[in-house]
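Visitor: Chains as they are written, first to last, in my numbering: chain A, 14 to 625; chain B, 9 to 507.
Dropping a structure here in structure tokens format, bear with me for questions.
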Amino acid sequence: MSPKLARAWSAVALAAAWTWLLILAETIHSARAEPPIPEASRWVSADALIYVEWHRPDTLLDRLEDPWLQARLNAFPGYAQAFSNNAELIQARRIAELVAAQVGVTWREGLADLVRGGAVIAFDLEGFQPVLTIIVKPKDDAVLRRTLQVILQGMQDDARSKGNPDPVRQSTRDGVTIYALNDQAAYAVHQGHLLISNGVQPLSILLDRVSGRAPARFKTMADSSSLRERRAGLPDDAIIFGMVNLERLRAFNPRAFELPADQVNPLLSILFAPWVESARKGNWVAAHLVWTPEHLELGVNLATPPNGYDPVFASLVPESKQGAATPLSPPGAIASLSLRRDLAEVWKNRVTLLPPETLQGLSQLDATTGVFFGGRDFENGVLAALGSDWRIVAARPAPFAQDQPRPDVTLPSFALVGGLNPQDKDFPLRLELGFQSLVGILNLQANMNQTPPLLMSLERDGNVSMTTTRFMPPAPGAPPPDDAVVPVQYNFTPSFASLGDRFVLGSTAPLTRALVEALRDPKASEPSQPTLVGWIDLNAVADLLAANRDALVAQNMTEQGNDRETAQATIDALTGFVHDLGRFDLSVEDTPNAVRFRLGFTFQPQPGGTQP
Amino acid sequence: MRTATMRTTLKPQGLDDSPRHAFAVAALNPSRWWEPWTPDESNPWDRDAVAHLHRRAGFMPNTATLERDLNRTPDEAIESLLLGDEQGPDGQHADDLDAQADQLDRRVGRNLEGLQSCWLHRMIHTARPLRERMTLFWHDHFATSFDKVGDATLMRHHIALLRRHALGRFGPLLKAIGRDPAMLIWLDSAANRKRRPNENYAREVMELFTLGIGHYTEADIQEAARAFTGRFVVNGRYVERPEEFDDRPKRVLGKTAPFDGDSLADWLLEQPACAQFLAAKLASWFLSDLPEDLGGEASSGSDCLAPLAETLRTTRYDLTATLRFLLRSRIFFDPAMRRRKVKSPVEFTVGMVRSLDLIKPTLRLNELAQANNTMGQRLFAPPGVAGWDGGPAWLGTTATLARLNFALALVGAGPGDNPFGRGHQPEPVAINQLADLVDRYADLWLQAGASPSARRSIVEQVVTLERDPTNTPADADPGRARARAALGLLVALPEFQLA
Numbered sequence: 014m015s016p017k018l019a020r021a022w023s024a025v026a027l028a029a030a031w032t033w034l035l036i037l038a039e040t041i042h043s044a045r046a047e048p049p050i051p052e053a054s055r056w057v058s059a060d061a062l063i064y065v066e067w068h069r070p071d072t073l074l075d076r077l078e079d080p081w082l083q084a085r086l087n088a089f090p091g092y093a094q095a096f097s098n099n100a101e102l103i104q105a106r107r108i109a110e111l112v113a114a115q116v117g118v119t120w121r122e123g124l125a126d127l128v129r130g131g132a133v134i135a136f137d138l139e140g141f142q143p144v145l146t147i148i149v150k151p152k153d154d155a156v157l158r159r160t161l162q163v164i165l166q167g168m169q170d171d172a173r174s175k176g177n178p179d180p181v182r183q184s185t186r187d188g189v190t191i192y193a194l195n196d197q198a199a200y201a202v203h204q205g206h207l208l209i210s211n212g213v214q215p216l217s218i219l220l221d222r223v224s225g226r227a228p229a230r231f232k233t234m235a236d237s238s239s240l241r242e243r244r245a246g247l248p249d250d251a252i253i254f255g256m257v258n259l260e261r262l263r264a265f266n267p268r269a270f271e272l273p274a275d276q277v278n279p280l281l282s283i284l285f286a287p288w289v290e291s292a293r294k295g296n297w298v299a300a301h302l303v304w305t306p307e308h309l310e311l312g313v314n315l316a317t318p319p320n321g322y323d324p325v326f327a328s329l330v331p332e333s334k335q336g337a338a339t340p341l342s343p344p345g346a347i348a349s350l351s352l353r354r355d356l357a358e359v360w361k362n363r364v365t366l367l368p369p370e371t372l373q374g375l376s377q378l379d380a381t382t383g384v385f386f387g388g389r390d391f392e393n394g395v396l397a398a399l400g401s402d403w404r405i406v407a408a409r410p411a412p413f414a415q416d417q418p419r420p421d422v423t424l425p426s427f428a429l430v431g432g433l434n435p436q437d438k439d440f441p442l443r444l445e446l447g448f449q450s451l452v453g454i455l456n457l458q459a460n461m462n463q464t465p466p467l468l469m470s471l472e473r474d475g476n477v478s479m480t481t482t483r484f485m486p487p488a489p490g491a492p493p494p495d496d497a498v499v500p501v502q503y504n505f506t507p508s509f510a511s512l513g514d515r516f517v518l519g520s521t522a523p524l525t526r527a528l529v530e531a532l533r534d535p536k537a538s539e540p541s542q543p544t545l546v547g548w549i550d551l552n553a554v555a556d557l558l559a560a561n562r563d564a565l566v567a568q569n570m571t572e573q574g575n576d577r578e579t580a581q582a583t584i585d586a587l588t589g590f591v592h593d594l595g596r597f598d599l600s601v602e603d604t605p606n607a608v609r610f611r612l613g614f615t616f617q618p619q620p621g622g623t624q625p
Numbered sequence: 009m010r011t012a013t014m015r016t017t018l019k020p021q022g023l024d025d026s027p028r029h030a031f032a033v034a035a036l037n038p039s040r041w042w043e044p045w046t047p048d049e050s051n052p053w054d055r056d057a058v059a060h061l062h063r064r065a066g067f068m069p070n071t072a073t074l075e076r077d078l079n080r081t082p083d084e085a086i087e088s089l090l091l092g093d094e095q096g097p098d099g100q101h102a103d104d105l106d107a108q109a110d111q112l113d114r115r116v117g118r119n120l121e122g123l124q125s126c127w128l129h130r131m132i133h134t135a136r137p138l139r140e141r142m143t144l145f146w147h148d149h150f151a152t153s154f155d156k157v158g159d160a161t162l163m164r165h166h167i168a169l170l171r172r173h174a175l176g177r178f179g180p181l182l183k184a185i186g187r188d189p190a191m192l193i194w195l196d197s198a199a200n201r202k203r204r205p206n207e208n209y210a211r212e213v214m215e216l217f218t219l220g221i222g223h224y225t226e227a228d229i230q231e232a233a234r235a236f237t238g239r240f241v242v243n244g245r246y247v248e249r250p251e252e253f254d255d256r257p258k259r260v261l262g263k264t265a266p267f268d269g270d271s272l273a274d275w276l277l278e279q280p281a282c283a284q285f286l287a288a289k290l291a292s293w294f295l296s297d298l299p300e301d302l303g304g305e306a307s308s309g310s311d312c313l314a315p316l317a318e319t320l321r322t323t324r325y326d327l328t329a330t331l332r333f334l335l336r337s338r339i340f341f342d343p344a345m346r347r348r349k350v351k352s353p354v355e356f357t358v359g360m361v362r363s364l365d366l367i368k369p370t371l372r373l374n375e376l377a378q379a380n381n382t383m384g385q386r387l388f389a390p391p392g393v394a395g396w397d398g399g400p401a402w403l404g405t406t407a408t409l410a411r412l413n414f415a416l417a418l419v420g421a422g423p424g425d426n427p428f429g430r431g432h433q434p435e436p437v438a439i440n441q442l443a444d445l446v447d448r449y450a451d452l453w454l455q456a457g458a459s460p461s462a463r464r465s466i467v468e469q470v471v472t473l474e475r476d477p478t479n480t481p482a483d484a485d486p487g488r489a490r491a492r493a494a495l496g497l498l499v500a501l502p503e504f505q506l507a
């Protein structure tokens, strides 16, 4: 290669490398680009009980005033009326318009400009005295002062006209004017910020901090490493971020964090016990809200107990990357939820986890399971044979067979998918027999009550064993009355299937079969990171609401007393709203330091490209 | 105003057996009871008379209905009730209301609570309140309960059957009831075979539906049971099986014939006791809860009711014609007969709702059904084959408290939240306008049942309550709180319980 060509190639290589580095830097920067910590955090104590950053108040206003949202809300009968009849709202709006007119802006512009730079809100307790701090950064200091002056003047004129004393007392502190309102609130404008507190004393303390005269022992939130840790990974489009100091709150009111045994919900305890324990013993919780035209997300990080979980709860927390299996999405799925929970551990620790009444009820389980599962012991013979993966799937209503009556109310299909211990070869058959025994018992009851019994069929396909049932249709020669209500049970064809290390218990045979097919893929049961993960297709839910519109309207008429038109409008508004919400996602992830909750909506794109 | 602080020292003006009242009733010669009533100075066609007509033959009227019928003749008002109005209280056409109510029945009436809610919805919105009252009459007469039948469709059909015949002829109704699956299941007659005739239905037909006790023998029942053989209920449908029908002659009430269910029904209707029995029931339903008001025990065939029984017979048990005769009578409009009945829970609740125009939207109907249940009237589920006891039996301790709480909730004077979702919003009233407000509502609900002294006493009590520092006002607006307190005292009057 000639030197000239070599230099040319070197230049190209250097340029490419430099470009690549820039791209990499930008990517890294974007990935870590949290919203900047507000300046006002310097004036809030690092120990504040509650600390909130409001990054984009005007964005929140925009979202709330979005034409799509307003149209959907106004479609609900009574919504517009509630606002138009609310005397306090009407008066507040009138005052806002009056003030804005005097300042020379619209109330909407005025409000947006007032909060354009963001706000910080803090709540604390000094002894037993509450201290509320609100620090707002407006777009324009001058407009702020003018607005406040107009409001102040209005209050004073109103008091004078009613013969009341002047509600405003003024004082100064180091050249800054403090306005106290009826001894309940005080505000000042300093260094381009509006400072509000619930009294002159706390406002004075705040002013000192702003002026740099805070006492030496004062530790500022801005310098707090805790704040930085808890903001780490905060999406750069987060509108609001907040933290609560649970450690201090617990010291102040320990009883609020106790969970009396009689208030323990057994099901919630089985599902959420470790997270409840975190809420009781963790030192902090932080949350953020993101709201863009495309999605809405709430993220909550809840600190785990500082000394770690008690063994009872630790046994329910999966190892890293050994979380819930991937949620299943068979054709027609509406919703899917997956949870990793070791029921054998729950049972072992049931005295701690479950309330006494539930324990009493469970004491008979040994005998009962013995009947259904060939004499097996509940803990060692049944729970030990079950895996830790639990998945629930909801799907669109199954098609109805020709000879089956079609119910007036169409219900979705549901299925439970569970794991099986592959070492226990006998248990899947026991489980299937247990299902068949249950069908037999239900049929005895059906005969006594003269309701349709279940007809059973068995299918075998390789390692898949399936039992399906369907409710017996009326005899052709003895049909029910023409307008007889078709019972909702005709929505269901309860079925059971087992294949290898999984079982499926479904409310309909088609869904059971679809899940069996989905489970044949080994990747379908790979563990993910979250302990709980799921989604709901709200479009499909909206379709279901639409399919049952008449029934829902009738129910609304009787339960709420609405006339037909109002009931129809309510149901239609609800259906439309649910449709536009698009998809809901949920995940709960156990990490060593915190439990991370994420809930979010991905909105349905609107025709014409406009988004909610 | 809270319930615990309310006191009334007013003596009820109705439903007592004081010598004054007995004299008043006795003062009207029974031979003149059934003459057509003509208003005169001593007994005018006024607000009290109009409201009395609607309370007995419809539901408590609202102001518009009162004003409308004040400007009509009594005959016009009665015909309007018998034939129904063209529009319901919310302005919908009567036929549209019926169609909507039928659809609601089908969609929501899947269980007892749904059935109850739907019927209450129909009563509140109906343009034909007398038809609904008569449906309720027949529901009490042919008492059949969901608790045993267990099938919402069958019970819905049962009530629809009663409604179809409510103001028709009794004969076709009696025959249709004998084929109603709900009735047959209720009386264990869903499989009536000729080798083992079921006597249940035959007994109830004679004892409860047509003749009353003492007008038949055991032998009559056994023979009549054979007439109903061959009747079956299969999968909710009525089926006749000729091979199971006993077609041999039966001797019933002195006549021998190869009776079947229909011809037996015709024979029963020919008995004088049948007309007397039904006349006594209609009189008890429309005139007074007290047998002594009607000339003696209802079932004994009082002479006072003979013309009513005769009308039934001569019109071939035409209920419209009979009710026209009854409602136009002097005895019906006699002032001494007003407020002689305790409102049943349904009359009480639906009447209050309609009188206050709480129609569109109306109350949460599930809650309203529950309230009626608590007050002792479970629609679609009468307590036994004899229906509801009615009369003073409606005023047990629990029931009376439930009635009071309901009424107070509706006028916004009750403790706690209003579970019914809606209530009346009275206009705020100044202290010097309180007497006018009391008059207005007393004229709407009570008319002559609220004496001038009672009205004055209510005003005084509201003023006293306002001055009581321990009293918690029922509204943030003092004027409206005052109004609510007054309405609360009005609905707490004993007379408010009476129709």
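Backbone N, C-alpha and C define an ideal beta-carbon position, used for all residues, glycine too.
Note that this is a predicted model, so its numbers are computed, not measured.
1) Drop a sphere of 10 angstroms on the beta-carbon of residue 37 of chain B, count the other beta-carbons inside from all chains shown, and report buried for 16 or more, exposed for fewer.
2) Using a Cβ-Cβ cutoff of 7 angstroms, what residues of the segment 566 to 598 of chain A are near chain B? List them in chain order.
3) Judging by CA-CA distance, which residue of B/294, B/231 and B/452 is the nearest neighbour of residue 265 of chain B?
4) Measuring only the C-alpha atoms, how far is residue 9 of chain A from residue 525 of chain A?
5) Give me the Cα-Cα distance between residue 559 of chain A and residue 588 of chain A, rounded to the nearest whole angstrom.
6) List the whole-angstrom C-beta distance separating residue 393 of chain B from residue 151 of chain B, where the pair is believed to meet the contact cut-off of C-beta under 8 angstroms.
7) Starting from residue 519 of chain A, follow its DSSP beta bridges and name the residues at the other end.
8) Please state the DSSP three-state secondary structure of residue 92 of chain A.
9) Please state the DSSP three-state secondary structure of residue 50 of chain A.
10) Starting from residue 186 of chain A, follow its DSSP beta bridges and name the residues at the other end.
11) Using a Cβ cut-off of 8 angstroms (strictly closer), state whether residue 243 of chain B contacts chain A.
12) Relative to the C-alpha of residue 603 of chain A, which candidate in A/104, A/428, A/318 and A/430 has its C-alpha closest?
13) DSSP state of residue 482 of chain B, grouped into three classes?
14) Does any residue of chain B have a CB that is nearer than 8 angstroms to the CB of residue 465 of chain A?
15) For the segment 475 to 499 of chain A, which residues have a CB atom closer than 8 angstroms to at least one CB atom of chain B, in sequence order?
16) Listed in chain order, which residues of the segment 545 to 568 of chain A have Cβ atoms closer than 7 angstroms to some Cβ of chain B?
17) Is any beta-carbon of chain A found at less than 8 angstroms from that of residue 58 of chain B?
18) I need the straight-line Cα distance from residue 378 of chain A to residue 388 of chain A, nearest angstrom please.
19) Can you tell me where the beta strand (DSSP E) holding residue 134 of chain A begins and where it ends?
20) Given residue 26 of chain B, which residues of its chain have a CB within under 6 angstroms of its CB, disregarding the five upstream and five downstream residues?
21) Cα-Cα, which of B/270, B/439 and B/278 is closest to residue 489 of chain B?
22) Hey, out of A/131, A/169, A/82 and A/232, whose CA is closest to residue 58 of chain A's CA?
23) Take residue 65 of chain B as the anchor and find which of B/499, B/409 and B/334 has the nearest alpha-carbon.
24) CB residue 427 of chain B to CB residue 384 of chain B, shorter than 8 angstroms?
25) When the cut-off is 8 angstroms and only beta carbons count, does residue 3 of chain B lie next to chain A?
26) Whole angstroms are fine: how far does the CA of residue 321 of chain A sit from the CA of residue 658 of chain A?
27) Consider the Cβ of residue 421 of chain A: report whether some Cβ of chain B lies at a distance smaller than 8 angstroms.
28) Taking the alpha-carbon positions, what's the residue 95 of chain A to residue 168 of chain B distance?
29) What separation, rounded to the nearest whole angstrom, lies between the Cα atoms of residue 225 of chain A and residue 206 of chain A?
30) Kindly indicate which residue of A/265, A/613, A/406 and A/64 has the alpha-carbon position closest to the one of residue 344 of chain A.
Guide: By the coordinates alone:
1) For the purposes of this step, residue 37 of chain B is taken as the residue at position 29 of the second sequence. It counts as exposed.
2) 567, 568, 570, 571, 572, 573, 574, 575, 576, 577 and 579
3) For the purposes of this step, residue 265 of chain B is taken as the residue at position 257 of the second sequence. It is B/231 whose Cα lies nearest to the Cα of residue 265 of chain B.
4) No answer is possible for residue 9 of chain A: the residues shown for chain A start at 14 and end at 625.
5) As a working mapping, residue 559 of chain A is identified with position 546 in the first sequence. As a working mapping, residue 588 of chain A is identified with position 575 in the first sequence. C-alpha of residue 559 of chain A to C-alpha of residue 588 of chain A: approximately 7 angstroms in a straight line.
6) For this step, residue 393 of chain B is matched to residue 385 along the second sequence. For this step, residue 151 of chain B is matched to residue 143 along the second sequence. With a Cβ gap of about 6 angstroms, residue 393 of chain B and residue 151 of chain B count as contacting.
7) The sequence position of residue 519 of chain A within the first sequence is 506, counting from 1. DSSP, once it has assigned bridges, lists A/428 and A/508 as partnering residue 519 of chain A.
8) Sequence index remark: in the first sequence, residue 92 of chain A carries index 79 (1-based). Judged by DSSP in its simplified three-state form, residue 92 of chain A adopts helix.
9) Within the first sequence, the letter at position 37 stands for residue 50 of chain A. In this structure, residue 50 of chain A counts as coil in the three-state DSSP scheme.
10) On the first sequence, residue 186 of chain A is found 173 positions in, with the first residue counted as 1. In DSSP, residue 186 of chain A forms a bridge with A/189.
11) In the second sequence, counting from the first residue as 1, residue 243 of chain B sits at position 235. Yes, contact with chain A.
12) As a working note, residue 603 of chain A is residue 590 in the first sequence. In terms of Cα proximity to residue 603 of chain A, the closest of A/104, A/428, A/318 and A/430 is A/318.
13) In the second sequence, the residue the question calls residue 482 of chain B occupies position 474. It is coil, neither helix nor strand.
14) Against the first sequence, residue 465 of chain A aligns to sequence position 452. Taking Cβ atoms only, chain B never reaches closer than 8 angstroms to residue 465 of chain A, which makes this a no.
15) 487, 488, 491, 492, 493, 494, 496, 497 and 498
16) 563, 564, 567 and 568
17) Your numbering for residue 58 of chain B matches position 50 in the second sequence. Residue 58 of chain B does not count as touching chain A.
18) Working through the first sequence from its first residue, we reach residue 378 of chain A at position 365. Working through the first sequence from its first residue, we reach residue 388 of chain A at position 375. Distance between the alpha carbons of residue 378 of chain A and residue 388 of chain A is about 12 angstroms.
19) For the purposes of this step, residue 134 of chain A is taken as the residue at position 121 of the first sequence. Residue 134 of chain A -> beta strand (DSSP E) spans 132 to 139.
20) On the second sequence, position 18 is the one that residue 26 of chain B refers to. Unreliable placement is indicated for residue 26 of chain B, whose pLDDT of 44 sits below 50; the coordinate value is still reported in the next sentence. The answer is none, since no qualifying residue turns up.
21) On the second sequence, residue 489 of chain B is found 481 positions in, with the first residue counted as 1. For the residues B/270, B/439 and B/278, the minimum Cα distance to residue 489 of chain B belongs to B/439.
22) On the first sequence, position 45 is the one that residue 58 of chain A refers to. Closest by alpha carbon: A/232.
23) Reading the second sequence from its first residue, position 57 is the one you call residue 65 of chain B. The option with the nearest alpha carbon to residue 65 of chain B is B/334.
24) Locating residue 427 of chain B in the second sequence gives position 419, where the first residue counts as 1. Locating residue 384 of chain B in the second sequence gives position 376, where the first residue counts as 1. No; because the gap between Cβ atoms is not below 8 angstroms, this pair is not in contact.
25) In the structure displayed, chain B extends from 9 to 507; residue 3 of chain B sits before or after that span and is not available.
26) Within the shown structure, residues of chain A are numbered from 14 to 625, placing residue 658 of chain A beyond reach of any answer.
27) Along the first sequence, read from residue 1 onward, the residue named residue 421 of chain A stands at position 408. With 8 angstroms as the cut-off, residue 421 of chain A counts as an interface residue toward chain B.
28) If you number the first sequence from 1, residue 95 of chain A lands on position 82. If you number the second sequence from 1, residue 168 of chain B lands on position 160. The alpha-carbon atoms of residue 95 of chain A and residue 168 of chain B are separated by roughly 39 angstroms.
29) Within the first sequence, the letter at position 212 stands for residue 225 of chain A. Within the first sequence, the letter at position 193 stands for residue 206 of chain A. Between residue 225 of chain A and residue 206 of chain A, the C-alpha separation is close to 15 angstroms.
30) Mapped onto the first sequence, residue 344 of chain A falls at position 331. The candidate whose alpha carbon is nearest that of residue 344 of chain A is A/406.
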